[in-house]
Amino acid sequence: MGETLSAVDVEDIIDTMAGELAQEMKRKKRVDPLMIGVHTGGLWVAEKLHRKLGLKKPLGEIDISFYRDDFSRIGLNPQVKPSQIPCEVEGENIILVDDVLYTGRTSRAALNEIFDYGRPDSVTLAVLVDRGERELPLHADIVGLKLDLSPEKQVKLTGPAPLVLETNRN
Amino acid sequence: MSSSKQPASTSFKAPDSSRLQLDEQGRLRHFLTVESLSKDILTEIMDVAESFSSVGHQAVKKVPVLRGKTIVNLFFENSTRTRTTFDLAAKRLSADVINLNIATSATSKGESILDTIRNLEAMHADMFVVRHSDSGAAHFIANNVEPHVSVINAGDGSHAHPTQAMLDMFTIRQVKKDFSNLNVAIIGDILHSRVARSQIQALNTLGVKDIRVIAPRTLLPSDVGSLGAHAYGDLRQGLDNVDVIIMLRLQRERMGSALLPSEHEYFECFGLTEEKLAYAKPDVTVMHPGPINRGVEMDAAVADGAHSVILQQVTNGIAVRMAVMTLTLGHSKVAG
Amino acid sequence: MNILIKNGRVVDPANGYDGVQDVFIANGKIESLGTEPAGFTAELTIDASDQWVMPGFVDLSASLREPGYEHKATIASESKAAVSAGYTAVCCLPDTTPVLDTPSVAQLILDKAEEAGYAKVLPFGALTVGLEGHTLSEMFALKKAGCVAVSQAPKNNINSQVLRRALQYAKTHDLLVVLKPEDVLIKDRGCVHEGAISSRLGLAGIPVSAETVAIAQLIQLAEETGARVHLTGISSAKAVSMLARAQFANIAMTADVHAHQLHLTELDVGTFDANYHVSPPLRSASDRDALLAGVVEGILSVSSGHQPHEAEAKQAPFPSTEPGISSLETVLPLMLKLVDEKLLSLSQLVSSLAHGPSEILGLETGCLSVGAPADICIVKAKETWQIDEKNWLSRGMNTPYLGHQMKGRVTYTLVNGRLVFGK
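Residue numbers (our numbering), protein chains in the order written: chain A, 931 to 1100; chain B, 177 to 512; chain C, 5 to 427.
Shown next as structure tokens:
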């Protein structure tokens, strides 16, 4: 069973993230962005951010199962969901939202998938948790919470209501 | 006579392909037939196909999931249509595809199927998509490939055409949502139809309670009841209260072998017109695996009309084949 | 050579005998039973305690593949397999290359069999030239050359006009005609019983009518021409009842069933197992039961239907494989199994394998009468053995029983008083 990170209020973190995100987009003059959440946890976070920021374009969702680099080792995730990006990606400013940034492989897969839909002007990466230990040269623009965890620990977002961060010994 | 018990020297074997097409965890390793597959597996195929339907809308209509895999379309019987959809499905998965038409090449030089398979395995093929005029050909090949190779049946004789059946099920699910309250009628040459056999098995597994086959007696299997379908010789009775009509393609050679008198009489008795469509439910869905003989199986007004989902079937064909390829290759991994 | 078989249980239904008795053999014949003839000195004594001494079996239907198909089997390999399985005589079908339609091919086969020195090989001459179904073969010449019957088997590609005339002509020379009852047009490209399995697997079916239509025609023609007709390899319940009625009406018609048909059914085809691709096809369980009843009631004899093949013949998709089972060596254990299960008596077993076939062919074997040729097999009924490459003599490994445990094994076989097999 998971152990809840009791000191952490996910709603508060997302609130802060929304503020930082708004500032960041304004500073970089990226107007009317298209937000895309990564299944499943990233999408939960994205839904809240999308509402808090009052974005006009509908929220997009992607499942990166078909873009994973470990397919040939572990096979297909049986819970794979369809990707739905409701408008053109070409020339857009994208906000990519995920729950946990760790090795960077999921973000890489998500970027690859987005680029198969078209060439965006920019991508801003927002994550609820950055737990370090990157294996790829990637960083998030907006980070809700930095965690320093030993490699054998896992951190997981459960939801959709309420959103709770859990860690467990693997 | 009291010999009803089975002599012990012969083990009873009901037809069951599970051992061959599932791995030890019960996941798809080959896709040879719908028979003996669980509802969960059929649903999984449709769910994964659903996820793949978005790929066709991408600017780059490709996902990298099978990058580096080699898929061989091994067609011992010509079929440009089916081969094209498998070809496209494999390419959308980023696999490398080789198309071999063996109908006219190797076997006519006396090369056996096994020799062909061994040669292609030596070139490190990962999957064979097999079409053959003999029932059981895909089973035969699956029984003889190396453990890491997957086999997909793209139609064997009159036995099975499981990907076609699954794309039809996927289309029915899109249109009707739920299988349990449907009445489904299949019209045409059931006896020689691998598509019909696979459809009947899939419909049964997915919980359709009333499956009907409508055909003259010459085009019905002798023991159609054991397949789980009710036979009708009369179109009007067979179509009564039906939600889905699946038409089969009529092969011209049936006339030559005294199974039917003429296309004209066939159309009169079993051809679908707008008028006859009225026997079914008002929101009936009409399907056909293609290519249609207009004026033999159905008239143009029905084929192109509001009830027809024939082009939707074609689109779905690619997503379902992508799903089956991904599931079998994803599961057939040996350690390392 | 004088041979004494001691203490065996002698089973000889032809003489209504079943009991422990010594058998004295001299000059290739059975010299005496029970009492030692004056001046008899055994040069070889076989202790048959706890074993069964039976007349050697006579097979009514086997393809020995020579000449022409030596990559499948040879007369030497198959006649050796035959004696190891209790057979002392094997009728061979004329489906050789060249076809067994001339005295020279018959002679070749007889010479090869003699040279091999195992079972007697009794050739069936072709009924029509080249087995093509058009021209009558020189049946009188074939008979003089040693053919015990004429036959169109394993085909039945012959129209009713030629068939009727062939029966009339065979009758003229008092030749038995052996036919495989199969309407080839109804059979068409069928490869399994038309029923549940053909429906499910989409394999072309062979309806029962392919057999019964042919039998109905043959019953009429046999009655009208007076020819002696033997049907080899029947497969359906309906065929058994048609035969029973024909025999009751004193029509000269006999028949045999392949031993595996008394055990296997269409369901054994499973998912395209080519080892169960046989001709005639395996039919339903009720057909199987009726065939067994036919054997019990003496309507049917039992043959092997032996069809040895090279491995490649079965390595293809089901419909493209060659039909047939290499079956000589499994007949006895399969029949003993029926005896074990009390579905068949031991004397019915011997009648169906030895006495019945001998009578059909007009041979003086198939019994253990004093003065009869000493064609004898000795069987250890309780010995179990496994079918594998080292326990198998036929060159054809195409048996669905590969790897199975069998019960009942031949220990000695004598042909014309000569020991041709002994473990």
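The C-beta atom is built at its ideal place from N, Cα and C for all residues, glycine as well.
Which listed residue (the options) has its alpha carbon closest to that of residue i
i         : options                                   : result
C:LEU179  : C:ALA130, C:GLY370, C:ALA85 and C:PRO17   : C:ALA130
B:ARG393  : B:GLY383, B:LEU379, B:VAL478 and B:LEU411 : B:LEU411
C:TYR172  : C:VAL354, C:GLU316, C:THR139 and C:ALA226 : The question names Tyr, but residue 172 of chain C is Gln in the sequence shown. It is C:ALA226 whose Cα lies nearest to the Cα of C:GLN172.
C:SER351  : C:ASP26, C:PRO211 and C:PRO59             : C:PRO59
C:GLY148  : C:LYS124, C:PRO158, C:ILE190 and C:ASP105 : Looking at the sequence provided, one finds Lys at residue 148 of chain C rather than Gly. The shortest Cα separation from C:LYS148 among C:LYS124, C:PRO158, C:ILE190 and C:ASP105 belongs to C:ASP105.
C:ALA145  : C:ALA278, C:LEU397, C:HIS177 and C:ALA85  : C:HIS177
B:SER374  : B:SER229, B:ARG257 and B:MET342           : B:MET342
C:GLU326  : C:PHE252, C:GLY194 and C:GLU215           : C:GLY194
A:ARG998  : A:PRO1016, A:GLY1034 and A:VAL1085        : A:GLY1034
B:THR292  : C:LYS341, C:GLU393, C:GLN319 and C:LYS346 : C:GLN319
B:ALA407  : B:ASN469, B:GLY481 and B:GLY364           : B:GLY364
A:PRO1057 : A:ILE944, A:ASP1078 and A:GLY1021         : For the record, residue 1057 of chain A in the displayed sequence is Val; it is not Pro. The shortest Cα separation from A:VAL1057 among A:ILE944, A:ASP1078 and A:GLY1021 belongs to A:ILE944.
Separation of residue j from residue i, as counted between CA atoms
i         : j         : result
C:TYR416  : C:VAL87   : 8 Å
C:GLN221  : C:SER164  : 8 Å
C:VAL62   : C:GLY360  : 9 Å
B:MET501  : A:ALA1039 : 20 Å
B:LYS215  : B:LEU382  : 6 Å
B:VAL496  : B:GLU226  : 8 Å
B:LEU435  : B:SER369  : 14 Å
C:ILE364  : C:VAL354  : 14 Å
C:ALA256  : C:HIS267  : 28 Å
A:LEU1031 : B:PHE304  : 39 Å
A:GLY984  : A:GLN1009 : 30 Å
C:PRO211  : C:GLY199  : 8 Å
C:ALA1    : C:LEU372  : The structure shown has nothing for residue 1 of chain C, since chain C only spans 5 to 427.
A:ALA937  : A:LEU1095 : 10 Å
A:MET1110 : A:PHE996  : Given that chain A is displayed from residue 931 to residue 1100, the structure contains no residue 1110 of chain A and the question cannot be resolved.
B:GLU451  : B:TYR442  : 16 Å
C:ALA297  : B:ILE328  : 45 Å
B:SER484  : A:ASP1071 : 50 Å
B:SER180  : C:ALA289  : With a pLDDT of 38 at B:SER180, under the threshold of 50, the modelled position of that residue is not reliable, and the figure given next carries that caveat. Whole-angstrom Cα-Cα distance: 7 Å.
B:ALA330  : C:ASP54   : 59 Å
B:ILE390  : B:LEU276  : 36 Å
B:LEU395  : C:CYS95   : 41 Å
B:GLY512  : B:LEU198  : Because B:GLY512 carries a pLDDT of 30, less than 50, the predicted location of this residue cannot be relied on, and the following value inherits that uncertainty. For B:GLY512 and B:LEU198, the distance between alpha carbons rounds to 20 Å.
B:ALA378  : B:ILE221  : 12 Å
C:ALA241  : C:VAL299  : 12 Å
C:ILE9    : C:LEU357  : 21 Å
C:LEU342  : C:LEU348  : 6 Å
B:MET177  : C:ARG292  : Summary for B:MET177: the model assigns pLDDT 36, below 50, so the residue's position carries little reliability; its value from the coordinates is reported in the next sentence. Near 11 Å, if we compare the C-alpha coordinates of C:ARG292 and B:MET177.
Whether residue i touches residue j by CB criterion (8 Å)
i         : j         : result
C:HIS264  : C:SER305  : no
B:SER494  : B:GLY202  : The residue asked about is misnamed: residue 494 of chain B is Ile in this sequence, not Ser. Their beta carbons are not under 8 Å apart, which means B:ILE494 does not touch B:GLY202 by this criterion.
B:HIS464  : B:MET431  : no
B:HIS206  : B:SER326  : yes
C:LEU295  : C:VAL273  : no
B:HIS337  : B:PHE252  : no
C:GLU219  : C:GLN251  : The amino acid at residue 219 of chain C is misidentified as Glu; the sequence shows Ile. Cβ atoms of C:ILE219 and C:GLN251: not closer than 8 Å.
A:ASP1051 : A:LYS1076 : no
A:PRO1012 : B:SER229  : yes
C:TYR405  : C:THR334  : yes
C:GLY20   : C:GLY421  : no
A:LEU1093 : A:VAL940  : yes
C:ILE329  : C:THR403  : yes
A:GLU991  : A:GLY971  : no
B:SER212  : C:SER202  : no
Sheet register partners of residue i (DSSP bridge)
i        : result
C:TYR21  : C:ASP16
B:PHE207 : B:ILE328
A:TRP974 : DSSP, once it has assigned bridges, lists no residue as partnering A:TRP974.
Fill in: Every unbroken beta strand (DSSP E) within the stretch 101–174 of chain C, with a cutoff of 3 residues, ordered by chain
124–130 and 153–155
Practice prompt. Quick one: which unbroken alpha helix (DSSP H) runs of 4-plus residues sit fully inside the stretch 938–962 of chain A? Chain order, please.
Written response: 940–957
Practice prompt. Please list the segments of the beta strand (DSSP E) lying wholly inside the stretch 180–217 of chain C, counting only runs of 3 or more residues, in order along the chain.
Written response: 180–183
Practice prompt. Could you tell me which uninterrupted alpha helix (DSSP H) segments, each at least 4 residues in length, are contained entirely in the stretch 63–97 of chain C, listed from first to last along the chain?
Written response: 79–88
Practice prompt. Would you mind listing the alpha helix (DSSP H) stretches within the stretch 250–308 of chain C that are 4+ residues and don't spill past its ends, in chain order?
Written response: 289–300
Practice prompt. Starting from the N-terminal side, write out each stretch of the beta strand (DSSP E) that is 3 residues or longer and does not extend beyond the stretch 1022–1096 of chain A.
Written response: 1023–1031, 1052–1060, 1072–1076 and 1083–1088
Practice prompt. With a floor of 3 residues, list each beta strand (DSSP E) that falls wholly inside the stretch 304–366 of chain C, ordered by position along the chain.
Written response: 305–307
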